[in-house]
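Protein chains in written order, with my numbering: chain L, 11 to 366; chain X, 11 to 366.
Written below as structure tokens is the structure these notes are about.
Protein chains: 2
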Amino acid sequence: MAQTLEQIAELAGVSRATVSRVINGGPYIRTEVRERVMRVITEHNFHPNAVARSLARRRTNAIGLLVPEPVGRLFNDAYFPPLAEGVAAACHDLDLYMALLTVNEPADPEARGHLYKRIFTSGYHDGIVMASSPRSDVVTKMMIDFGVTFVLAGRQLDYPDLPCVDVDNVGGARMAVDHLVSLGHSSIGTIAGPAYMSAGVDRLDGFRAAMAGHDLTVDPAHVIEGDFTEQSGFAAGLQLADNPPGALFIASDMMAAGAMRAFAARGLRVPDDVSIVSFDGFPLSATTHPALTTITQPVAESGRRAVEMLISLIDTLLPRGSGPAADGENGAPRLVLPVALTIRESTCRRDTHLRR
Amino acid sequence: MAQTLEQIAELAGVSRATVSRVINGGPYIRTEVRERVMRVITEHNFHPNAVARSLARRRTNAIGLLVPEPVGRLFNDAYFPPLAEGVAAACHDLDLYMALLTVNEPADPEARGHLYKRIFTSGYHDGIVMASSPRSDVVTKMMIDFGVTFVLAGRQLDYPDLPCVDVDNVGGARMAVDHLVSLGHSSIGTIAGPAYMSAGVDRLDGFRAAMAGHDLTVDPAHVIEGDFTEQSGFAAGLQLADNPPGALFIASDMMAAGAMRAFAARGLRVPDDVSIVSFDGFPLSATTHPALTTITQPVAESGRRAVEMLISLIDTLLPRGSGPAADGENGAPRLVLPVALTIRESTCRRDTHLRR
DNA sequence: TTAGATTATGAGAGCGCTCTCTGAGAACGC
DNA sequence: GCGTTCTCAGAGAGCGCTCTCATAATCTAA
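Okay, here's the thing in structure tokens:
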């Protein structure tokens, strides 16, 4: 169990180098020798020490998935699980070791910084995939400062020029508006995401651009900013209920659920009185009443792609630690994944509800 | 950023050993020298390479938290988040690096075994804390075979003699029965956990022992086995509703929620018709209607203690890799944490509802 | 047959740290 | 004045692996 290459070599009557070759599939080995070595290895249940290997190779073959949120919150999230699943799947395919890096919330930011610092300077990971979140900007700065190789899942507002894989938030918003327009709607409002998150601003930008593209004006009273949560959707719904638009693009499933709760409380029917297209396509969106027409984003796919991007970044930076990472001279790689319209029950034709 | 001890030593005009001493707080260094070295270190933002250090020390100062469940399921669990939080907190206190090890579910068990194998042979962790789960027995076997140092959170039925930190399931069940008896109940039934999990059998054993201790008989029709889920609680509740006992000990909050749903559907009131004491004390238990009287288990504390136990195990095994770990000759360490009765609204005196 | 390529293996120098051992000076006791 | 004990710092041998280079053995081609 606790042997070394050296010992295996001796037992097999060869040199350390030969055992290494056998293990790593090197060329130029007589099959007779290879088999003999293999036999000794399996007999002794030998596994090379990964730490030593990492030191020699200057590569750990491990990546970290970092979510700058306290452990607890992370589990009550709809976005993170599929992302983690995607990352895990990609790691499995690429024969990588993945560690979920969680940082629980020590009271003072100093201690938190210390925690991140340890993660970034540990050298245990070849790179990091970070799920962007409201508080990820500080962390992003640290990663840059520490020269960590990383990829962001979701664009970072304050650092627009970093390697990331994003989803087509602008295009998704446009698809939502197009769908609504195709149903005959012209009075369309939105409950937007927060202005401090790229998904928030992009979806709003996309909405406005699409409306303009259709020569439709948007009533300022029909544009309300939420923060992606159910509660903020509920509040926004309440605010809109007095003078609702005929249709609404709501920037997250959660907010849509909240808004529908508010509408129900005020006797407004969806889709009869208000058509709704939301964004995310999380499982939740299929179980609301009515089920949400939504823009589905490929979250697990984002995770997969982020890992692939990270690995290619690491590979090009091969002589590791040479200069600041993730700042390629020909621009940081960026990937924008397509989203899709999922039509369900929260939208209907304008002319089927002539009441308004 | 990418320097070595050697380079720092040269810049500071000392030897590598001296720099190492400064970093690791070694004795016998003139303050003048120490300060000079420190200055160079901070000036160059130097951080020793953790991989090299791990190799030299034969210690990584990293532990893994392993949950043998697919990533997705892990997030829909009430037990895991606080456990992770406790482990993370302990790691923070002990200056340990923690990685959450997730294993997503490849179709064939062979591939899954391969994944675990990689984790266990990686050498990236000094030890592992594993949250026991229905499927953890195979994994336990692997850890033993691979000589991994580990601690279980929750006892493992098939391997009773392993280091673990458990909660007092038996005592908790007794407390539940005592409470019910003190309220004047004598017709007490139970919805038990699954027979394949230690928490299931222990809570049932505790229940039976407590009943016997009070010279109370239990009607076999009032003992139903569930699997800790809401659904199984609902099913059991339906089954009991025709001829319900005056009180019920339900082995998990989730099952209690399910049973209450069933009772409500059948017009039975809690606590007026049936008093209920559940087990777990998860946040859920405070938000049901009525709020549950429950046996609260210290999950985060389990996580903390598991880490502490793991570290002491690792420390005693110091000349690492010498013989099978976790099998101390004087028995594996075991810790049983106390639970507490949390009285809320789902229990009341027997005599306040003379109707039955 | 002999030079030259090809195949197969070993020697040994790292990777970046830790830690023991050794030794030089300074302080101290008698 | 001379051992003895501290205090301080460097030399150097690892930790367990990888990988280049040198070398030996075998196989061509002329």
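All residues carry an ideal CB built from backbone N, CA and C; glycine is no exception.
Quick caveat, the model's predicted, so the values are computed rather than measured.
Per the coordinates, the alpha-carbon of Ser262 (chain X) lies some 13 angstroms from the alpha-carbon of Met207 (chain X).
Going by DSSP, Leu351 (chain L) is part of the beta strand (DSSP E) stretching over Ala350 to Thr352. Listed along the chain, the chain X residues whose CB falls inside 7 angstroms of the CB of Val43 (chain L) amount to none; the nearest CB is some 24 angstroms away. Considering only beta carbons, the part of the region 91-103 of chain L lying closer than 8 angstroms to chain X consists of Pro91, Pro92, Ala94, Glu95, Ala98, Ala99 and His102, in chain order. Residues of chain L whose Cβ lies closer than 8 angstroms to the Cβ of Val61 (chain X) are, in chain order, Val61, Ser64, Leu65, Thr70, Gly133 and Tyr134. For secondary structure counted as the alpha helix (DSSP H) over 4 or more consecutive residues, the region 158-199 of chain L holds these complete runs in sequence order: 179-192. According to the DSSP secondary-structure assignment, Tyr107 (chain L) is paired through a beta bridge with L:Ala72.
Between Gly182 (chain L) and Val349 (chain L) the beta-carbon gap is near 4 angstroms, inside 8 angstroms, which marks them as a contact. Restricting attention to X:Met185, X:Phe238 and X:Asp237, the CA atom closest to the CA of Gly216 (chain X) is found in X:Met185. Taken through DSSP and simplified to helix, strand or coil, Met140 (chain X) comes out as strand. For Ala257 (chain L), the enclosing beta strand (DSSP E) starts and ends at Ala257 to Ile260.
With respect to chain L, the C-beta atom of Leu111 (chain X) has a partner C-beta closer than 8 angstroms.
Here the C-alpha atom of Arg63 (chain L) lies approximately 18 angstroms from the C-alpha atom of Ile321 (chain L).
Restricting attention to L:Leu214, L:Met221 and L:Asn253, the CA atom closest to the CA of Ala231 (chain L) is found in L:Asn253. Taking each of X:Ser142, X:Lys151, X:Glu20 and X:Ala163 in turn and checking the Cα distance to Leu347 (chain X), the smallest one comes out for X:Ala163.
In this structure Phe160 (chain L) touches Ile138 (chain L) by the C-beta definition: roughly 4 angstroms separates them, less than 8 angstroms. Going by DSSP, Asp263 (chain X) is part of the alpha helix (DSSP H) stretching over Asp263 to Ala275. Residue pairing by DSSP places Ile305 (chain L) opposite L:Phe289 and L:Leu351 in a beta bridge.
Straight across, the Cα-Cα distance linking Leu294 (chain X) with Leu302 (chain X) is about 9 angstroms.
Within chain L, Pro91, Ala94, Glu95 and Ala98 have C-beta atoms less than 7 angstroms from the C-beta of Val81 (chain X), given in sequence order. Annotated three-state conformation of Ala202 (chain L) is strand, per DSSP. Where Ile234 (chain L) is concerned, there is no enclosing alpha helix (DSSP H), although the beta strand (DSSP E) around it starts and stops at Val233 to Glu235.
One alpha carbon belongs to Leu110 (chain X), the other to Met140 (chain X), and they sit about 10 angstroms apart. In this structure, Pro58 (chain L) places its C-beta atom within 8 angstroms of the C-beta atom of Ile33 (chain L). Per DSSP, the beta-bridge partners of Leu345 (chain X) are X:Val175. The C-beta of His57 (chain X) comes closer than 8 angstroms to at least one C-beta of chain L. As a beta-bridge residue in DSSP terms, Val77 (chain X) pairs with X:Thr112. Chain-ordered, the chain L residues with CB closer than 8 angstroms to the CB of Tyr107 (chain X) read Arg128, Ile129, Ser132 and Tyr134. Excluding sequence positions up to five before and after Leu106 (chain L), its CB lies within less than 8 angstroms of the CB of Asn71, Ala72, Ile73, Ala100, Val317 and Ile321, all in the same chain and listed in chain order. Straight-line measurement puts the Cα of Ala257 (chain L) at about 16 angstroms from the Cα of Asp225 (chain L).
The C-beta of Ser25 (chain L) has fewer than 16 other C-beta atoms within 10 Å across all chains shown, which makes the residue exposed. Look at Pro300 (chain L) here: in three-state DSSP terms it is coil, with no helix or strand label. A distance below 6 angstroms between beta-carbons, with the five flanking residues on each side excluded, links Pro281 (chain L) to the following residues of its chain, in chain order: Ser356, Thr357 and Cys358. Contact annotation: the region 41-58 of chain L does not touch the region 89-103 of chain L, with fewer than three C-beta pairs closer than 8 angstroms.
With fewer than 16 other beta carbons inside 10 angstroms of its own, Ser192 (chain X) counts as exposed.
Residues of chain X whose Cβ lies closer than 8 angstroms to the Cβ of Leu327 (chain L) do not exist; the shortest such Cβ separation is about 11 angstroms.
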